[in-house]
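Enquirer:
In our numbering, the protein residues as written are 1049 to 1357.
1) Could you tell me which of 1302, 1321, 1253, 1220 sits nearest to residue 1023, measuring between CA atoms?
2) Would you check if the segment 1335-1352 and the segment 1267-1282 touch, i.e. whether three or more CB-CB distances between them fall below 8 Å?
3) With a threshold of 8 Å, are at least 3 pairs of Cβ atoms found where one atom belongs to the segment 1253-1266 and the other to the segment 1200-1209?
4) In or out: residue 1287 buried (at least 16 other Cβ within 10 Å) or exposed?
5) When you compare only the Cα positions, how much space is there between residue 1270 and residue 1164?
6) Which value, in whole angstroms, describes the spacing of the CA atoms of residue 1241 and residue 1333?
7) Taking the DSSP output, what are the residues bridged to residue 1318?
8) Along the chain, which unbroken stretches of the beta strand (DSSP E) at least 3 residues long are found entirely within the segment 1094-1170?
9) Keeping to the same chain, check which residues put their C-beta closer than 7 Å to that of residue 1324; ignore five residues upstream and five downstream.
10) Can you give me the start and stop residues for the beta strand (DSSP E) that residue 1084 sits inside?
11) Hey, out of 1259, 1292, 1274, 1138, whose CA is closest to residue 1174's CA?
12) Taking Cβ positions, are residue 1308 and residue 1136 nearer each other than 8 Å?
13) Span of the alpha helix (DSSP H) holding residue 1304?
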């Protein structure tokens, strides 16, 4: 897992005119009528909402980097299409349009991102349990076709997974050093990171991961709280499945995702130990970066260190 770099950082980044957007969309959806909104979130891609049910996703030229790919995302979404219990956007078309615009046209995910829905209590827990169950089904698809496509980077050995965790803990130690609040845990960050990596078992699983199935990419119905699906597979990579489950800073949220994930298959001892190490990583980052998670993260860290000894 090398550091990110951008291939053409000085490339221009124009916002397409509505007529240009519709010309691309109509290659695959002839009846498209109007561009409703443009998402300027600043990521690798810009999205255009067309009519009520279409999303045109366009690669931003200056944000092009090796680990992110619209082609990779299309391929993975096509593998997940029609899978029972999995709700992801449906790819309608994609490729390169004149003049050199890389794009994907897909269906719009109903609902809103979970960070906008402000769900609490049982509604929030039920949505996250369902998310865990959905991630379990995504991880359970046949992996050989994904590997043989040579579109998804990542880890394929226990040593690869261990190296990734080591680098992630290096990043967490650096995040703690930058934090305004003093580090409150008994073990200093570097000691804790070394302790956790030493407790990491040899990985017995590596699958294609979403990468960040967190609050911005998980969609729910804002009225009912029901999970509607997951978007944005452009950063997908191979590694240990626990890394997809850790993307929720609050321990109570992570526990709900884990419960759903384990509801349809028994996890190995190695998986469970790797999950604990992943939670240490998330707690370190939450304590450094998420003030509202600081107290609960400290409580969980105490428990995890005892379990990992």
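C-beta atoms are modelled at their ideal positions from N, C-alpha and C, and glycine is treated no differently.
Expert: Based on what the coordinates show:
1) Residue 1023 lies beyond the range of the chain shown here (1049 to 1357); nothing can be said about it.
2) no
3) yes
4) Position 239 of the chain shown holds residue 1287. Buried: at least 16 other Cβ atoms inside 10 Å.
5) The residue given as residue 1270 occupies position 222 in the chain shown. The residue given as residue 1164 occupies position 116 in the chain shown. Rounded to whole angstroms, residue 1270 to residue 1164 spans 8 Å at the Cα level.
6) Position 193 of the chain shown, counted from the first residue, corresponds to residue 1241. Position 285 of the chain shown, counted from the first residue, corresponds to residue 1333. Those two C-alpha atoms are separated by around 11 Å.
7) Mapped onto the chain shown, residue 1318 falls at position 270. Paired residues: none, contrary to the question.
8) 1102-1107, 1139-1145, 1149-1155
9) For the purposes of this step, residue 1324 is taken as residue 276 along the chain shown, with counting starting at 1. So the list reads 1352, 1355, 1356, once near-sequence residues are dropped.
10) Taking the first residue of the chain shown as position 1, residue 1084 is located at position 36. From DSSP, the beta strand (DSSP E) with residue 1084 extends over 1083-1087.
11) Counting from 1 along the chain shown, the entry for residue 1174 is found at position 126. Ranking the options by Cα distance to residue 1174, first place goes to 1274.
12) Here residue 1308 refers to the residue found at position 260 when the chain shown is read from its first residue. Here residue 1136 refers to the residue found at position 88 when the chain shown is read from its first residue. Contact flag unset, no.
13) The residue given as residue 1304 occupies position 256 in the chain shown. Counting along the chain, the alpha helix (DSSP H) containing residue 1304 begins and ends at 1299-1309.
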